[in-house]
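> Sharing a structure below in structure tokens format, with a few things to ask.
2 protein chains.
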Amino acid sequence: MSSKLTLRQQQVLDCIRDSQADTGMAPTRAEIAERMGFQSKNAASDHLRALERKGYIRLHSDRSRGIQLLESSLGDEDELPVVGKVAAGTPIEAVENVQRTVPVPRGLFRQRPTYLLKVQGDSMVDAGIFDGDLIAVRKSETARSGEIVVARIGEEVTVKTLRLNKSDATLLPANEDYEPIQVPADQLIIEGVFVGLIRDPNAH
Amino acid sequence: MSSKLTLRQQQVLDCIRDSQADTGMAPTRAEIAERMGFQSKNAASDHLRALERKGYIRLHSDRSRGIQLLESSLGDEDELPVVGKVAAGTPIEAVENVQRTVPVPRGLFRQRPTYLLKVQGDSMVDAGIFDGDLIAVRKSETARSGEIVVARIGEEVTVKTLRLNKSDATLLPANEDYEPIQVPADQLIIEGVFVGLIRDPNAH
DNA sequence: TGGCATACTGGTAATACGAACAGTACAATA
DNA sequence: TATTGTACTGTTCGTATTACCAGTATGCCA
Chain A
1 MSSKLTLRQQ
11 QVLDCIRDSQ
21 ADTGMAPTRA
31 EIAERMGFQS
41 KNAASDHLRA
51 LERKGYIRLH
61 SDRSRGIQLL
71 ESSLGDEDEL
81 PVVGKVAAGT
91 PIEAVENVQR
101 TVPVPRGLFR
111 QRPTYLLKVQ
121 GDSMVDAGIF
131 DGDLIAVRKS
141 ETARSGEIVV
151 ARIGEEVTVK
161 TLRLNKSDAT
171 LLPANEDYEP
181 IQVPADQLII
191 EGVFVGLIRD
201 PNAH
Chain B
1 MSSKLTLRQQ
11 QVLDCIRDSQ
21 ADTGMAPTRA
31 EIAERMGFQS
41 KNAASDHLRA
51 LERKGYIRLH
61 SDRSRGIQLL
71 ESSLGDEDEL
81 PVVGKVAAGT
91 PIEAVENVQR
101 TVPVPRGLFR
111 QRPTYLLKVQ
121 GDSMVDAGIF
131 DGDLIAVRKS
141 ETARSGEIVV
151 ARIGEEVTVK
161 TLRLNKSDAT
171 LLPANEDYEP
181 IQVPADQLII
191 EGVFVGLIRD
201 PNAH
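Written out as structure tokens, the structure reads:
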């Protein structure tokens, strides 16, 4: 953290945290004053400005309860968007593709995922990736040979094992019924890398 | 969860979560209206009342941004023990069997798991359960036919698909190389039911 | 067919809240 | 000794925000 807090500032910060944990909202200046025993709201205001200056909170001006706790308050999980069918031509994370969000604790997977992709089809069953599974994807434009990647071929988005050769790439399914897809290296668009899998047998 | 949400209500709830994650504050009715594309703030108000009635949020009246996400919708998380090799004769959750703990958000799986089991062996590969995967297990002494269960046979703990007959049970592997195991109904000890799977391709 | 819930539009009145200004006191530095 | 930063009191003003009222349209269920 930026710089050290005075005793009073620390108490005010704790007060904000308490309020956040208790009511789900940040306190108003008046509430801080009340809980801290101040007679004036401006005392709270001063402390808030100090806390912002020192980098512990962020103040959103002209918004009620516009106190945002930084770092410390950020839980240890991310709300990741679940991307399902990807509309042709749209970026994979486009709002219209997002079905819902799922909380995923940081550290659940070794690599931190950017989004989740709902698997459609059974082209990767032999790799243990089933229809309906959620795969955790880390956004990346590059990948190493042998990794399972989310790739875009023309208008479609697919999940395959990547095999890189000298001048071209092969997208390898994990199912005998499907054929490998060969792509010239410069036409291959990688959306991300497979970093985890979540399956719920009771889903849907 | 109290009761089911309509599509629109779910979207509004997501919108609130987004706002909370993004700015650290709950949105105002006007902000919800804007982000959802409503022309009227009252549309947002209606949805909020519906969400409160259904138990997803709590509204603090006469307070700005007085929207509190409740546990159920907050996606709080549990620290679940990861059970690996289970020592003979010990209860599956015994301390000595626990390797580490992993945070799992409530609601990640439809059924809330009690613990995680690190899969050893490849007897369930055809069911997409690989060696090294973590399976989420809900402790239960009973299970229905067709479910994947964690069962104890003698001193061993195994993961298999359960098939119940009149007087006996069959534990069915999902791998041609393994044989089904027949057990008299009264000798079958079920430890739990498979309710989810987590795979990290970068783990170990 | 009528009643009921969802899903909105549009507006007004009351109030919750933040911003800013003008002070006082006190301790630490320079 | 003057200067600066923290820690407040007390007040005013504007606006951000909620609450409430009166409608409309649609689909669902009995």
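Residue numbers (the UniProt record's numbering), protein chains in the order written: chain A, 1 to 204; chain B, 1 to 204.
Virtual Cβ for every residue (Gly too), placed ideally from N, Cα, C.
1) On the premise that A26 of chain B lies in contact with E79 of chain A, defined as a C-beta separation below 8 Å, what is that separation, rounded to the nearest angstrom?
2) Hey, quick one: how far does the beta strand (DSSP E) through E52 of chain B stretch, first residue to last?
3) Within the 8 Å Cβ cut-off, does residue 219 of chain B reach chain A?
4) Entirely within the stretch 135 to 177 of chain A and at least 3 residues each: give me those beta strand (DSSP E) ranges in chain order.
5) According to DSSP, is L108 of chain A part of a helix, a strand, or is it coil?
6) Can you name, in chain order, every residue of its own chain whose Cβ lies under 6 Å from the Cβ of R35 of chain B, other than the five neighbours on each side?
7) Kindly list the residues whose CB is nearer than 7 Å to the CB of R58 of chain A, restricted to its own chain and excluding five residues on each side of it in sequence; keep chain order.
8) Kindly list the residues whose CB is nearer than 8 Å to the CB of E147 of chain A, restricted to its own chain and excluding five residues on each side of it in sequence; keep chain order.
9) Which residues in chain B sit within 7 Å of V102 of chain A, going by Cβ to Cβ distance?
10) Helix or strand or just coil, what does DSSP make of S72 of chain A?
11) Given that G128 of chain B touches chain A, what residues does it touch there, using C-beta distances under 8 Å?
12) Can you tell which of B:K139, B:R106, B:L48 and B:G121 has the C-alpha that lies nearest to the C-alpha of Q10 of chain B?
13) By Cβ distance below 8 Å, which residues in the same chain neighbour L197 of chain B in space, the five residues on each side in sequence not counted?
14) Compute the distance between the beta-carbons of E191 of chain A and V125 of chain A, then report whether it is under 8 Å.
15) Using a Cβ-Cβ cut-off of 7 Å (strictly less than) and excluding sequence neighbours within five positions of A50 of chain A, which residues of its own chain qualify?
16) With a threshold of 7 Å, establish whether the CB of L59 of chain B neighbours any heavy atom of the ligand FAD.
17) I'd like to know whether the C-beta atoms of V119 of chain B and I153 of chain B end up nearer to each other than 8 Å.
18) I think K41 of chain A touches L5 of chain A, with their Cβ atoms under 8 Å apart; what is that distance to the nearest whole Å?
19) With distances taken from CA atoms, which of A:V12, A:V83 and A:G24 is nearest F38 of chain A?
20) Quick one: what does DSSP say residue 225 of chain A is sitting in, helix, strand or coil?
21) Since M117 of chain B and V83 of chain B are thought to touch, with beta carbons under 8 Å apart, how far apart are those beta carbons, to the nearest angstrom?
22) Please return the same chain residues whose Cβ sits closer than 8 Å to the Cβ of T111 of chain B, not counting the five positions on each side in sequence.
23) Taking S64 of chain A as the reference, which of B:A30, B:E77, B:P81 and B:S45 has the closest Cα?
24) How would you list, in chain order, the residues of chain B whose beta-carbon sits under 9 Å from the beta-carbon of T23 of chain A?
25) Please classify L7 of chain A as buried or exposed, where buried requires at least 16 other C-beta atoms within 10 Å of its C-beta.
26) Please check the pair P81 of chain B and V104 of chain B, which I expect to be a contact at CB under 8 Å, by giving their CB distance rounded to whole angstroms.
27) Cutting at 7 Å between CB atoms, please list the residues of its own chain near R106 of chain A, excluding the five before and the five after it.
28) Does any residue of chain B bring its CB to less than 8 Å from the CB of P173 of chain A?
29) Using the beta-carbon of each residue, which ones in chain B are nearer than 9 Å to I148 of chain A?
30) Nearest-angstrom Cα distance between S167 of chain B and Q187 of chain A?
31) If we ignore side chains and look at the alpha-carbon of each, how far apart do E176 of chain A and T23 of chain A end up?
32) Could you confirm whether any beta carbon from chain A is found closer than 8 Å to the beta carbon of G192 of chain B?
A quick look at the data gives this:
1) At roughly 15 Å, the Cβ-Cβ gap does not stay under 8 Å, so E79 of chain A and A26 of chain B are not in contact.
2) Counting along the chain, E52 of chain B falls outside any beta strand (DSSP E), though it belongs to the alpha helix (DSSP H) covering K41 to R53.
3) Residue 219 of chain B falls outside the range modelled here, since chain B spans only 1 to 204, and no answer is possible.
4) 148 to 153, 156 to 164 and 168 to 172
5) coil
6) Only C15 meet the Cβ criterion.
7) Cβ-Cβ distances below 7 Å link R58 of chain A to E52, Q68 and L70 in the same chain, with the five nearest sequence neighbours on each side left out; the list follows chain order.
8) T161, L162, V193 and F194
9) Neighbours of V102 of chain A on chain B, chain order: L108.
10) Note that S72 of chain A has pLDDT 49, beneath the 50 cutoff, so the model's placement of it is unreliable and no number is given.
11) V125, G128, I129, F130, D133 and R199
12) From the listed residues B:K139, B:R106, B:L48 and B:G121, the smallest Cα separation to Q10 of chain B is found for B:L48.
13) G128, I129, D133, L134, I135 and A136
14) Using a Cβ distance threshold of 8 Å, E191 of chain A and V125 of chain A do not count as a contacting pair.
15) Q9
16) As presented, the structure is devoid of all ligands, the ligand FAD included, so that no description of it is given.
17) no
18) About 20 Å; that fails the 8 Å criterion.
19) Nearest option by C-alpha distance: A:V12.
20) Residue 225 of chain A lies beyond the residue range present for chain A, which begins at 1 and ends at 204; the question has no answer from this structure.
21) The sequence shown places Leu at residue 117 of chain B, rather than the Met named in the question. Indeed, because the Cβ distance is near 5 Å, the residues count as touching under 8 Å.
22) Correcting the residue type first, residue 111 of chain B is Gln in the shown sequence and not Thr. Apart from the 5 residues on each side of it in sequence, Q111 of chain B sits with its Cβ closer than 8 Å to the Cβ of R138, V193, V195 and G196 in its chain, given in chain order.
23) B:A30
24) R58, H60, R63, G66 and Q68
25) Around the beta carbon of L7 of chain A, fewer than 16 other beta carbons lie within 10 angstroms, which makes this residue exposed.
26) Going by Cβ atoms, the distance from P81 of chain B to V104 of chain B rounds to 11 Å, so no, they are not a contact pair.
27) D76, E77, D78 and R112
28) no
29) P201
30) 60 Å
31) 55 Å
32) no
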